[in-house]
Amino acid sequence: MTKADLSRTLQLVTSAALLPLAVVSGPSVALLLALLAAARLLGSGTPSQIGVFQQSPLLLVGLACLAWAGSTVLWSLSPQESLVRLAKLAWILAAAWILLGAETEAVAPAPQSLFRALVLGTAVAAVLVAVERVSTGWFFEALGLRQAHLDPDIEATRVFKGIVVLLVVTWCLTPGLLARHGRTVCLAAMAILGGLALWAGSLSATLAFGAAGLAYLLSWVFGDRFLAVLRVTIVSLVLLLPAAGLFRTAPFVDAVSAARSAGLAVPDSGLHRAYIYDFVLERIWQRPLLGWGLEASSLLPGAETIIPALQRGLLPSHPHNAVLEIWVELGAIGAGLAAALLWLGLRGIEGRITARPERAAALAAVTAFLAVSMLSFSLWATWWLSTAVVAAFLVRALAAGGTAT
Numbered sequence: 002m003t004k005a006d007l008s009r010t011l012q013l014v015t016s017a018a019l020l021p022l023a024v025v026s027g028p029s030v031a032l033l034l035a036l037l038a039a040a041r042l043l044g045s046g047t048p049s050q051i052g053v054f055q056q057s058p059l060l061l062v063g064l065a066c067l068a069w070a071g072s073t074v075l076w077s078l079s080p081q082e083s084l085v086r087l088a089k090l091a092w093i094l095a096a097a098w099i100l101l102g103a104e105t106e107a108v109a110p111a112p113q114s115l116f117r118a119l120v121l122g123t124a125v126a127a128v129l130v131a132v133e134r135v136s137t138g139w140f141f142e143a144l145g146l147r148q149a150h151l152d153p154d155i156e157a158t159r160v161f162k163g164i165v166v167l168l169v170v171t172w173c174l175t176p177g178l179l180a181r182h183g184r185t186v187c188l189a190a191m192a193i194l195g196g197l198a199l200w201a202g203s204l205s206a207t208l209a210f211g212a213a214g215l216a217y218l219l220s221w222v223f224g225d226r227f228l229a230v231l232r233v234t235i236v237s238l239v240l241l242l243p244a245a246g247l248f249r250t251a252p253f254v255d256a257v258s259a260a261r262s263a264g265l266a267v268p269d270s271g272l273h274r275a276y277i278y279d280f281v282l283e284r285i286w287q288r289p290l291l292g293w294g295l296e297a298s299s300l301l302p303g304a305e306t307i308i309p310a311l312q313r314g315l316l317p318s319h320p321h322n323a324v325l326e327i328w329v330e331l332g333a334i335g336a337g338l339a340a341a342l343l344w345l346g347l348r349g350i351e352g353r354i355t356a357r358p359e360r361a362a363a364l365a366a367v368t369a370f371l372a373v374s375m376l377s378f379s380l381w382a383t384w385w386l387s388t389a390v391v392a393a394f395l396v397r398a399l400a401a402g403g404t405a406t
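Count along the sequence shown from 1, add 1, and you get the number used in my numbering.
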């Protein structure tokens with residue numbers, strides 16, 4: 002077996018293990034990303050052979066984002082935590098370059114083999130999610146795969162992490178399902194995915210699935226026009242969301258209160274997020290240009306203040322909103338760079354993925370990731386960014402040669 006063959010085999014095994022391991026332990030996605038990148042390097046040769054620097058606008062902007070995040074260490078509320086996070090972001094960018102760089106495409110696994118590996122992994126992951134929900138966590142704990150956490154909120158997010166990874170990655174399979182098994186099987190598979198999102202009891206997972214499904218349909222119907230609208234919408238949101246704090250003192254809390262008054266059942270978690278968003282907006286406008294520093298959200302002045310109505314802190318960990326997290330930590334400069342990165346990434350989808358099924362799947366995966374990022378986890382979480390990179394790798398690898406052939 003040549004190094005290239007071994008590399009492809011390792012990529013297939015890692016891809017098959019991705020979703021089952023994500024259900025057992027969400028953070029394992031970061032380890033799988035590292036294994037995928039190592040497998041690519043194994044088949045491509047030494048770093049000097051694949052090039053130390055690839056001239057591409059997307060990579061250049063990614064490096065600029067990393068450099069700016071590093072510069073915020075100078076005024077960060079916690080320079081040590083900023084440096085640790087910076088190191089993690091650096092290796093994720095390196096892994097993305099290895100997996101998505103043109104120089105390593107020669108050792109990409111065959112799309113058909115990758116599709117079969119992912120289908121197997123998805124089926125196993127769906128069964129594991131069902132077992133987890135039915136046993137309320139007892140099954141994994143009995144096998145020693147997980148220990149119960151004293152904090153019920155943290156315990157509840159464990160299976161949720163696996164489900165949102167499923168939400169992002171499973172859309173990559175839709176072109177192959179359509180081509181091989183027809184519309185009925187594809188719709189049934191996505192209905193099962195939506196059912197798992199509902200069963201998880203997470204509003205953000207359910208909303209993310211709905212948004213991704215809508216993006217899929219709109220992309221299928223309107224093609225390039227929808228992609229253009231989506232690109233402008235996402236970039237505008239990144240650049241303009243903090244402007245909400247200029248017109249009202251508490252725009253998000255006011256909106257949730259109005260929704261509750263109108264009879265909508267907004268859970269306390271939604272109200273808590275509204276308080277978090279309003280608090281972060283206030284801090285953004287105290288340092289709008291430079292931000293407070295990478296990984297500084299939980300240390301913002303007043304973050305520990307208790308909300309009387311909820312008996313929770315204003316900002317116990319992170320903003321639960323990717324755009325606000327970028328703005329409050331990296332300022333307007335960081336937000337501008339992030340907007341440029343997203344613009345170029347979506348342009349890349351437009352240029353490289355032209356077939357309707359593959360493009361619709363790619364945009365659904367992007368929408369699912371962004372929707373969850375706007376409602377739940379910290380954008381900087383290593384496992385969550387790793388999910389985005391792995392999904393991009395899978396979309397590109399499955400589209401190469403076409404899963405429909």
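Note that the Cβ used here is the ideal one computed from N, Cα and C, for glycine as well.
Quantities reported herein were computed from a predicted structural model and do not represent experimental measurements.
With the cut-off set at 9 Å, would you say Ser298 and Ser270 are in Cβ contact? No, these two residues do not count as a Cβ contact at 9 Å.
Residue closest to Gly71, alpha-carbon to alpha-carbon, out of Leu342, Gly294, Ile308, Val165: The option with the nearest alpha carbon to Gly71 is Gly294.
Taking CB distances under 9 Å as the criterion, tell me whether Ala111 reaches chain B. Although the question refers to chain B, the structure presented lacks it and comprises just one protein chain.
Which value, in whole angstroms, describes the spacing of the CA atoms of Arg9 and Thr250? Approximately 55 Å, taken between the alpha carbons.
Could you check the C-alpha separation between Val281 and Ser379 for me, to the nearest Å? When rounded, the separation of the alpha-carbon atoms in Val281 and Ser379 is 14 Å.
Going straight from the alpha carbon of Ile51 to that of Pro21, what length do you get? At Ile51 the pLDDT is 48, less than 50, meaning the model places this residue with poor confidence and gives no usable figure here.
Contact between the segment 172–191 and the segment 347–358: three or more CB pairs below 8 Å? A contact exists between the segment 172–191 and the segment 347–358.
Which ranges does the alpha helix (DSSP H) cover as unbroken runs of at least 4 residues, wholly within the segment 59–110, from first to last along the chain? Scanning the segment 59–110 for uninterrupted alpha helix (DSSP H) segments of 4 residues or longer gives 80–101, listed from N- to C-terminal end.
Going by the CB atoms, is the gap between Val239 and Val132 shorter than 9 Å? Result no, Cβ atoms of Val132 and Val239 do not sit closer than 9 Å.
Could you tell me the boundaries of the alpha helix (DSSP H) in which Glu296 lies? Glu296 -> no alpha helix (DSSP H), and no H or E assigned at all.
Determine the direct distance from the alpha carbon of Leu376 to that of Ala266, and round the result to whole angstroms. Taking the straight line from one Cα to the other gives about 17 Å.
Close-in-space but distant-in-sequence residues of the same chain around Ile277 (CB under 7 Å, 5 per side omitted): For Ile277, where only same-chain residues beyond five positions count, the Cβ hits under 7 Å are Leu315, Leu316, Pro320, His321.
Would you mind sorting Gln81 into buried or exposed? The rule is 16 or more other CB atoms within 10 Å of its CB. It counts as exposed.
Thr388 to Val85 span [Cα, whole Å]: Their Cα atoms are separated by approximately 20 Å.
Sequence-distant residues of its chain with Cβ nearer than 6 Å to Ile354 (five each side left out): So the list reads Arg360, Ala363, Ala400, once near-sequence residues are dropped.
Residue environment, Met2, which counts as buried when at least 16 other CB atoms sit within 10 Å: A residue is called buried once 16 or more other Cβ atoms fall within 10 Å of its Cβ, and Met2, having fewer, is exposed.
For Thr207 and Lys4, I'd like the C-alpha separation in whole angstroms. Distance between the alpha carbons of Thr207 and Lys4: 42 Å.
So for Arg313, helix, strand or coil by DSSP? Here Arg313 sits in strand by DSSP.
Tell me, please, whether the segment 367–374 touches the segment 197–211 by the rule of three or more beta-carbon pairs shorter than 8 Å. A contact exists between the segment 367–374 and the segment 197–211.
Considering only their Cβ atoms, is the gap separating Val236 from Trp69 smaller than 9 Å? No; because the gap between Cβ atoms is not below 9 Å, this pair is not in contact.
What does the Cβ neighbour count give for Pro243, buried or exposed, with the cut at 16 atoms within 10 Å? Counting Cβ neighbours within 10 Å, Pro243 comes out buried, since at least 16 surround it.
Rounding to the nearest angstrom, what Cα-Cα distance links Leu37 and Gly332 in this structure? The alpha-carbon atoms of Leu37 and Gly332 are separated by roughly 33 Å.
7 Å Cβ shell around Pro1 - same chain, five flanking residues per side excluded: Lying before the first or after the last residue shown, residue 1 is absent from the chain, which here runs from 2 to 406.
Can you tell me whether DSSP reads Ile350 as helix, strand or coil? Shown here, Ile350 sits in a helix according to DSSP, grouped into three states.
Top-ranked residue by Cα proximity to Ala341, from Leu32, Asp6, Ala23, Pro58: Among Leu32, Asp6, Ala23, Pro58, the Cα nearest to that of Ala341 is on Pro58.
Can you tell me which of the three DSSP states Thr404 falls into? Its pLDDT being 45, under 50, Thr404 is placed unreliably by the model, and nothing is read from it.
Residue from Gly27, Ala17, Gly163, Gln312 whose Cα sits closest to the Cα of Ala198: Considering only alpha carbons, the answer is Gly163.
Own chain residues within Cβ distance below 6 Å of Phe394, not counting five before or after: Excluding sequence neighbours, Phe394 sits near Leu100.
Please work out which residues of its chain come closer than 7 Å, Cβ to Cβ, to Ala65, disregarding the five sequence neighbours upstream and downstream, and give them in chain order. Counting only Cβ-Cβ distances below 7 Å, and skipping sequence neighbours, we find Leu338.
Just the Cα atoms here: how many angstroms apart are Ala336 and Glu351? Taking the straight line joining both Cα atoms gives about 23 Å.
Using the Cα positions of Val125 and Leu61, report the straight-line distance between them to the nearest angstrom. Between the C-alpha atoms of Val125 and Leu61 there is a straight-line separation of about 38 Å.
Is the distance from the Cβ of Glu330 to the Cβ of Glu305 below 9 Å? No; because the gap between Cβ atoms is not below 9 Å, this pair is not in contact.
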